[in-house]
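Please read the structure below before turning to the comments.
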Amino acid sequence: MSNHSEVQLKFLADSMLGKLARWLRMAGFDADYRKGSDFSAFLRIAREEKRIVLTRDTKFLKIYSPPEFFFIEDDAVEKQFRAVATKFRLTVNVDKLCRCLYCNIPVEAVSRENVYGKVPDYIYDNILHFTKCPACSRIYWEGSHVTKLRKRLLNAFSKCNI
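Numbering-wise (my numbering), the sequence shown opens with residue 225 and increments by one.
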């Protein structure tokens with residue numbers, strides 16, 4: 225397999241890997257996630273969008289032959305993330321959230337005035353910078369939840385064998 229470190233990778237996670245997809249998004253990677261068992265549609269998306277399939281489904285691998293895939297063995301999201309980061313030699317950047325954790329769309333900066341009434345008053349009064357998903361309109365800010373997730377992600381990444 226080629227060295228992927230110079231190319232922006234795109235992943236497609238199966239229905240068993242929703243948390244992993246969110247972790248990859250938090251780390252700045254394009255990680256689509258699809259629920260359901262329509263393997264042929266899943267494979268079509270992977271091929272059309274040139275995505276690496278991340279799966280835990282052994283049935284899928286027996287029936288189909290994805291162009292590029294990685295079988296995830298572990299149940300724990302930290303170990304799943306470590307396995308993907310090691311396999312594809314990922315460079316993780318968690319300085320700022322750049323993708324919607326739900327839609328996988330790049331988020332855009334939005335002014336404080338535009339989030340007034342859409343976030344809790346305490347957040348509005350204490351946070352200066354916000355981003356927003358142009359697809360689902362979710363609003364993001366750097367709060368304690370982001371700090372905790374970032375620490376977990378960096379801890380998992382620090383244990384990679386890259």
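We put the CB at the ideal spot given by N, CA and C, even for glycine. Please read these numbers as outputs of a predicted model, since none were measured by experiment.
Check whether residue i and residue j have beta carbons under 9 Å apart
i: Arg-323; j: Gly-252; result: yes
i: Glu-366; j: Lys-320; result: yes
i: Arg-249; j: Leu-325; result: yes
i: Leu-244; j: Phe-305; result: yes
i: Phe-381; j: Ala-270; result: no
Residue i, DSSP secondary structure in three states
i: Ala-265; result: helix
i: Ala-380; result: helix
i: Ile-363; result: strand
i: Glu-297; result: coil
i: Arg-323; result: strand
i: Leu-373; result: helix
i: Leu-314; result: coil
i: Ile-347; result: helix
i: Ser-229; result: With a pLDDT of only 42 at Ser-229, under the threshold of 50, the placement of this residue in the model should not be trusted, and no figure is reported.
i: Arg-275; result: coil
i: Gly-242; result: helix
Per DSSP, the bridge partner or partners of residue i
i: Lys-234; result: Asp-254
i: Glu-332; result: Lys-356
i: Arg-280; result: The partner list for Arg-280 (beta bridge, DSSP) is empty, contrary to what the question assumes.
Sequence-distant residues of its chain with Cβ nearer than 7 Å to residue i (five each side left out)
i: Gly-260; result: Ser-239
i: Pro-358; result: Ile-329 and Glu-332
i: Val-301; result: Lys-243, Leu-244 and Trp-247
Neighbourhood of residue i by C-beta distance below 6 Å, restricted to the same chain and skipping five residues each side
i: Arg-258; result: Phe-266
i: Ala-317; result: Reading off the sequence, residue 317 comes out as Asn, not Ala. The answer, listed in chain order, is Gly-252.
i: Leu-285; result: none
Cβ-based neighbour list, residue i, same chain, cut-off 8 Å, excluding 5 preceding and 5 following
i: Glu-273; result: Lys-234, Leu-236 and Asp-256
i: Cys-327; result: Cys-357, Ala-359, Cys-360 and Arg-362
Residue i Cβ short of 8 Å to the ligand NAD heavy atom set
i: Met-240; result: Looking at this structure, you won't find the ligand NAD or any other ligand, since it has none at all.
Check: Are at least three pairs of beta-carbons, each pair with one atom in the region 345-354 and one in the region 322-336, less than 8 Å apart?
Finding: yes
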